Amino acid sequence: MAKEFSKHFDKNQEKEIYQSWEQAGFFNPDNLPDQDKRKSSFVMMLPPPNITGSLHMGHALNATCQDILVRHKRMDGYLALWVPGMDHAGIATQNVVEKKLAKEGKNRHDLGREKFVKEIWEWKEEYGQIIPNQLKTLGASCDWTRQSFTMDENYQKAVSNAFLAYQKEGFIYQGERLINWCPRCQTALSDIELEHQEEDSFLWHIKYQAKSQKSKFKNNESGYIIVATTRPETMLGDTAVAVNPRDKRYKDLIGKTVVLPLVNREIPIVADEAVDMEFGTGAVKITPAHDPLDFEIGQRQKLDTIKVINEFGKIIAPKVYAGLKIDEAREKIVKDLDQLGLLVKKESHKHNVALCYRCNSKAESLISKQWFVKMKPLAEKAIEAVEKGEIQFAPVRFKKIFLDWMHNVKDWCISRQIWWGHQLPVFVKQEKVKSQNSKIKIKESFYYGDNPPKGYIQSTDVLDTWFSSALWPFAALGWTGDKNQDKKNKDLVNFYPTTSLFTAKDILYLWVARMIFSGYFFMDKKPFSKVYIHPTVLNKEGKRMSKSLGTGVDPMDLWEKYGADATRFGLALKSGLRQQVKFSEEDYVAGRNFVTKIWNATRFIDMNLNGKVKLLSVGEIKKLKLDKDQKETLSLLFATANNVKNNINTYRFDLAINELYEFFWHHFCDKTIEENKGKMKTGDIITLQFLTFVLTNSLKMLHPFMPFVTEAAFKELTIKIDGETQPLIISSWPKF
RNA sequence: GCGCGCGUGGCUCAAUGGUAGAGCGCUACAUUCACAUUGUAGAGGUUACAAGUUCAAGUCUUGUCGCGCGCACCA
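So for the first sequence, our numbering puts the first residue at 6; every next one is plus one.
Here it is as structure tokens:
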């Protein structure tokens with residue numbers, strides 16, 4: 006039955022359309038028609054959003070680009086699979102739930118670990134589906150039947166087995182190292198979990214004096230050396246002063262000692278190449294326990310380490326300063342030095358401070374016992390693969406960025422002192438034993454695995470959240486690390502390695518690099534062939550969007566105002582291979598207008614069909630006697646189809662949608678329909694067939710970008726032409 | 001300090017080395033016509049600046065300036 010086109014298309018129809026796709030099961034490649042004819046699988050893994058969040062512009066752009074590609078591949082005859090899921094986001098989630106507790110006047114220690122973790126699970130049940138639902142609203146054609154979560158039972162097994170596999174290979178070790186510590190989150194952080202921010206501060210010049218007048222330095226009657234520092238409070242833990250061995254000023258002082266002010270400890274002056282003669286006074290105070298470079302120098306020079314700052318960011322000793330926060334201690338120490346006449350100079354100085362990427366607190370360097378993964382052997386394979394081009398980056402410049410990092414990668418600190426996450430499958434037994442000099446020592450023995458012998462207690466640490474994300478391309482397909490179980494997993498056989506990975510550049514090291522070496526280590530195959538790094542969306546002032554600063558744009562607001570297709574249109578226009586793009590609302594207005602145009606053009610042609618027309622194949626349309634302009638339109642359609650396909654495959658979604666817009670609106674609507682209006686109204690069959698052909702193929706090409714309006718328009722149209730036909734989502738991409 | 005990206009009409013962006021384009025905005029006109037979420041026409045650009053390569057440069061090279069980003073042990 007011919008049904009009349011409704012006058013408008015608006016976003017109220019979107020939900021119904023989405024449900025019809027999902028219910029038909031088209032997001033699941035197993036349900037796609039023509040299984041035998043389909044070329045091969047095309048697989049993408051959605052970067053799992055944190056359960057804490059709601060969709061931001063970055064997610065929206067990322068998801069839109071992925072959906073364009075997946076929908077295109079599905080139409081182009083692939084077994085297309087897009088696997089969604091969520092990340093438990095260890096520290097971030099723990100922080101959010103702690104904040105919620107704080108509002109109720111509680112903290113996690115009041116609850117205890119077990120109850121607190123339960124609290125997080127409940128929180129996840131309540132808020133964890135926000136982003137998936139928002140993705141559905143935008144039309145993301147993910148296979149929700151394959152959705153997974155990094156804390157699912159299977160996934161936990163995978164993580165545990167992954168750790169054990171590294172351990173077996175000798176890649177895991179525990180060590181007392183200088184690590185990054187967040188005093189607020191109360192956990193260790195890896196080097197790449199820090200953000201650096203420039204801060205206006207001072208460079209204080211402090212006099213370190215020789216022990217007595219007698220021991221005045223030779224050739225240096227002054228009897229002191231001046232060090233320059235940005236962190237005077239760490240001087241309490243100084244165990245040396247270092248100078249460059251080539252520095253003539255201090256040549257005669259090497260090997261001498263000075264007395265550490267305020268503490269009155271005698272410390273040596275040592276020579277080390279790492280000291281920059283140009284900076285400050287050329288003499289550096291060395292605090293191996295609280296500074297990465299000092300730690301390194303301390304190792305080389307065999308210096309003691311004296312811990313003076315604790316896990317809460319407070320001074321430990323000496324008594325005068327004990328309990329003070331870092332800033333307070335700094336102020337007091339500077340004052341005390343000044344009173345002693347030891348503060349020589351204070352000059353303005355800009356320097357970088359390290360901040361925790363989850364809470365923005367200043368991170369401290371502390372010596373702490375943590376678990377590490379040896380990176381060298383893992384990196385080698387990843388480097389080789391990328392150099393050979395087995396994995397390719399778009400834009401290509403990221404290849405070099407990746408390789409530079411990989412070549413200089415340091416061991417990965419994987420233990421975190423939080424409660425939410427995958428507990429290490431490490432069990433410890435402590436025994437008191439007598440050592441040779443008959444002192445009582447504590448001997449630790451470890452058990453790695455699932456069923457520890459009696460007396461062993463599991464480590465309370467959890468793994469870095471990125472440890473589990475690193476396994477995503479296979480663990481989200483159900484890999485567990487248990488060979489018998491994995492053998493039976495068809496998804497691993499059919500869909501691993503995946504094809505493309507789309508992500509933002511800020512997690513290139515945190516996530517992408519780690520998936521690459523993990524893929525090779527656990528699966529002996531690359532996790533994906535192509536990595537597309539989409540642009541960063543800046544606000545219209547060209548600044549980073551920030552929720553806390555209120556400078557962000559909520560994609561769901563755009564959806565409210567303009568609908569999903571218009572939102573996707575605006576996002577697609579701002580994709581491509583650029584590093585950053587500026588948000589502009591006009592793009593979404595243009596998108597909304599385009600939705601209306603598509604709807605109205607279809608409705609107009611449909612109005613004139615009167616059930617007389619069949620959809621013609623390419624072969625048939627070519628045989629029609631078309632006029633010159635019609636022929637030109639046809640060849641422009643063919644050219645557009647080629648260009649759009651090429652542009653999609655090279656991640657130029659911006660060019661693709663732009664060309665479609667030009668073709669459909671300014672060529673097809675403004676010229677072709679106008680020129681053929683007369684003949685169409687008289688019911689000229691050839692003209693109607695021609696217009697219908699160009700229209701339906703345009704709708705097909707537009708579908709990956711604007712799936713809702715095209716699906717709805719196509720449905721109305723084909724009801725008129727052929728009765729019920731297949732939906733656009735599984736129609737085939739135009740081939741000419 | 002090293003590295004990367006960007007700089008094109010008022011705004012957001014296109015343009016295999018070959019006549020600089022689009023959208024939005026602006027101006028004028030049109031419209032009982034599928035669409036005022038429309039159409040037609042128009043104004044508006046020494047492509048940041050300078051030098052170089054070339055028959056030809058927005059595009060390639062070098063330098064300068066401006067914006068953004070990444071890396072780094074300047075305490």
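We treat Cβ as the ideally placed atom computed from N, Cα and C, and that holds for glycine. All of these numbers come straight from a predicted model, not from anything done at the bench.
What's the gap between the Cα of residue i and the Cα of residue j?
i: VAL714; j: LYS16; result: 9 Å
i: ALA2; j: THR286; result: Residue 2 lies beyond the range of the chain shown here (6 to 741); nothing can be said about it.
i: LYS350; j: ILE211; result: 7 Å
i: ARG335; j: PRO237; result: 6 Å
i: TRP186; j: ASP309; result: 21 Å
i: GLU127; j: GLY133; result: 9 Å
i: ASN613; j: LEU660; result: 33 Å
i: ILE3; j: ASP252; result: The requested residue 3 does not occur in the structure, where the chain is confined to residues 6 to 741.
i: MET685; j: LYS602; result: 19 Å
i: SER165; j: GLY454; result: 8 Å
i: LEU620; j: GLY688; result: 16 Å
i: PRO430; j: PHE500; result: 29 Å
i: PHE432; j: PRO458; result: 9 Å
i: TYR326; j: LYS548; result: 41 Å
i: ALA163; j: THR645; result: 46 Å
i: GLN304; j: TRP516; result: 31 Å
i: ILE302; j: ILE259; result: 15 Å
i: LEU696; j: PHE669; result: 12 Å
i: ARG573; j: ARG583; result: 18 Å
i: MET711; j: LEU576; result: 11 Å
Considering only the alpha carbon of each residue, which of the options lies closest to residue i?
i: GLY242; options: ILE259, VAL248, LEU265; result: LEU265
i: GLU21; options: LYS415, THR142, ASP634, ALA509; result: THR142
i: ASP205; options: LYS216, ILE184, THR235; result: THR235
i: ALA29; options: ALA247, LEU554, LYS104, SER146; result: SER146
i: PRO560; options: GLY63, LYS44, MET80; result: GLY63
i: ALA233; options: THR239, PRO188, VAL289; result: VAL289
i: GLN71; options: THR57, ASP611, HIS539, TYR452; result: HIS539
i: GLU667; options: GLY596, GLU680, THR730; result: GLY596
i: VAL586; options: ASP611, MET550, PHE599; result: MET550
i: VAL358; options: TRP425, ASN442, PHE207, ARG583; result: PHE207
i: LEU629; options: LYS617, ILE734, ILE690, ILE653; result: ILE690
i: THR508; options: PRO38, LYS105, PRO54, LYS650; result: PRO54
Assign residue i to one of two classes, buried (16 or more other C-beta atoms within 10 Å of its C-beta) or exposed (fewer than that).
i: ASN269; result: exposed
i: ASP529; result: exposed
i: LYS448; result: exposed
i: GLY175; result: exposed
i: VAL498; result: exposed
i: ILE274; result: buried
i: TYR178; result: exposed
i: ILE136; result: buried
i: GLN635; result: buried
i: ILE125; result: buried
i: GLU19; result: buried
i: ASN224; result: Any reading at ASN224 needs caution, since the residue's pLDDT is 49, under 50, leaving its predicted position unreliable; the model's value is listed next. The residue is exposed, with fewer than 16 neighbouring Cβ atoms inside 10 Å.
i: VAL623; result: exposed
Kindly indicate the opening and closing residues of the alpha helix (DSSP H) around residue i.
i: ASP727; result: 712-727
i: ARG528; result: According to the sequence provided, residue 528 is Met. The question's Arg does not apply to it. Unbroken run through MET528: none, as it is neither H nor E.
i: ALA85; result: ALA85 -> not in any alpha helix (DSSP H); beta strand (DSSP E) instead, spanning 84-88.
i: LEU506; result: Run containing LEU506: none in the alpha helix (DSSP H); it sits in the beta strand (DSSP E), 505-509.
i: MET685; result: 679-686
i: SER46; result: Taken as a continuous stretch (DSSP letters only), SER46 belongs to no alpha helix (DSSP H), being part of the beta strand (DSSP E) at 46-50.
Along the beta strand (DSSP E) that carries residue i, what are the first and last residues, could you check?
i: TRP186; result: 177-187
i: HIS77; result: No beta strand (DSSP E) holds HIS77; the alpha helix (DSSP H) holding it covers 62-80.
i: THR470; result: It is not in any beta strand (DSSP E) - THR470 instead sits in the alpha helix (DSSP H) that spans 470-474.
i: GLU204; result: 199-214
i: ALA245; result: 245-248
i: VAL431; result: 431-439
i: SER450; result: 445-453
* To do: Tell me the start and end of each unbroken alpha helix (DSSP H) in the stretch 635-670 that is at least 4 residues and wholly inside, in chain order.
  => 658-666
* To do: May I have a chain-ordered list of the beta strand (DSSP E) segments no shorter than 3 residues that lie completely inside the stretch 315-374?
  => 348-361
* Asked: Fully enclosed by the stretch 261-313, which beta strand (DSSP E) runs are 3 residues long or longer?
  -> The DSSP assignment places 262-265, 270-276, 288-291 as complete runs of the beta strand (DSSP E) inside the stretch 261-313, in order along the chain (cut-off: 3 residues).
* To do: Report the residue ranges of all beta strand (DSSP E) runs contained in full by the stretch 535-603; include only those spanning at least 3 residues, in chain order.
  => 535-539, 541-543, 585-587
* To do: Give, in chain order, every unbroken run of the beta strand (DSSP E) that is at least 3 residues long and sits entirely within the stretch 96-169.
  => As far as the stretch 96-169 is concerned, it has no whole beta strand (DSSP E) run of at least 3 residues.
* Tell me the start and end of each unbroken beta strand (DSSP E) in the stretch 384-438 that is at least 3 residues and wholly inside, in chain order. => 397-399
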